[in-house]
């Protein structure tokens, strides 16, 4: 269940979780999640699976707002749940920012981020099958934990929640506008390449 804006529940629950550094701001092999919001606001995007078209597409979309976030002193972090497919994800250039691995899905366990059952997985894929066309030019595969849902959090310096978005299905993603708004970015500063229409996509 998502927490209300202004709460520190999420920060308190995951601040001591250690994630493995793939590409980070320091040379440490492991860092505590709480360090991400120690000095500034942070966007934490938790990927479902490195091989899925949706996760790759959304990572590419998120990169559109990285320069704007950095201009407003907002850090942006991507976290995967396993190393399977990591090299292909990196080689494909789907995400060029800070990247970490939450081995054992400790964040998911601490926050009860849902997985979906096998039957529901097939139902979701059927229900949103048309949205796959939106990511038609993005490659993907079926490797890894395809039933785990993801989340996107915006947490202010010190741990106050600004946005808590948890997927309800495979196509569920926050709009780039909602992330920028949560970070306090004025609309006049939005990047010119921003798609102003939210798109629902499907992971294969």
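Numbering (our numbering), first residue to last: 1454 to 1657.
We put the beta carbon where it would ideally sit given N, CA and C, even for glycine.
With the cut-off set at 8 Å, would you say residue i and residue j are in Cβ contact?
i	j	result
residue 1511	residue 1601	no
residue 1463	residue 1614	yes
residue 1492	residue 1610	yes
residue 1542	residue 1489	no
residue 1530	residue 1498	yes
residue 1470	residue 1559	yes
residue 1514	residue 1629	yes
So residue i and residue j are in contact, right, with Cβ under 8 Å, and what is the actual spacing, rounded?
i	j	result
residue 1532	residue 1500	7 Å
residue 1494	residue 1632	Contact doesn't hold; Cβ gap of about 11 Å is too wide.
residue 1636	residue 1496	7 Å
residue 1506	residue 1647	With 8 Å as the limit, residue 1506 and residue 1647 do not qualify as a contact, their Cβ atoms being about 21 Å apart.
residue 1456	residue 1612	Contact flag wrong, Cβ pair sits at about 11 Å.
Name the two residues that bound the continuous beta strand (DSSP E) containing residue i.
i	result
residue 1485	1483-1485
residue 1489	First-last for residue 1489: undefined, no H or E at that position.
residue 1476	1471-1476
residue 1528	1527-1533
residue 1553	1551-1554
Buried or exposed: residue i, going by 16 or more other Cβ atoms within 10 Å of its Cβ?
i	result
residue 1551	buried
residue 1619	buried
residue 1553	buried
residue 1458	exposed
residue 1555	buried
residue 1557	exposed
residue 1604	buried
residue 1546	exposed
residue 1395	The chain is shown only over 1454 to 1657; residue 1395 falls outside these bounds and no answer can be derived.
Along the alpha helix (DSSP H) that carries residue i, what are the first and last residues, could you check?
i	result
residue 1500	Note, residue 1500: premise wrong, no alpha helix (DSSP H); not H, not E.
residue 1560	1559-1564
residue 1519	1519-1524
residue 1618	Where residue 1618 is concerned, there is no enclosing alpha helix (DSSP H), although the beta strand (DSSP E) it sits in stretches over 1614-1619.
residue 1463	1462-1467
Does residue i come within less than 8 Å of chain D when only Cβ atoms are used?
i	result
residue 1529	Protein chains in the displayed structure number just one, and chain D is not present.
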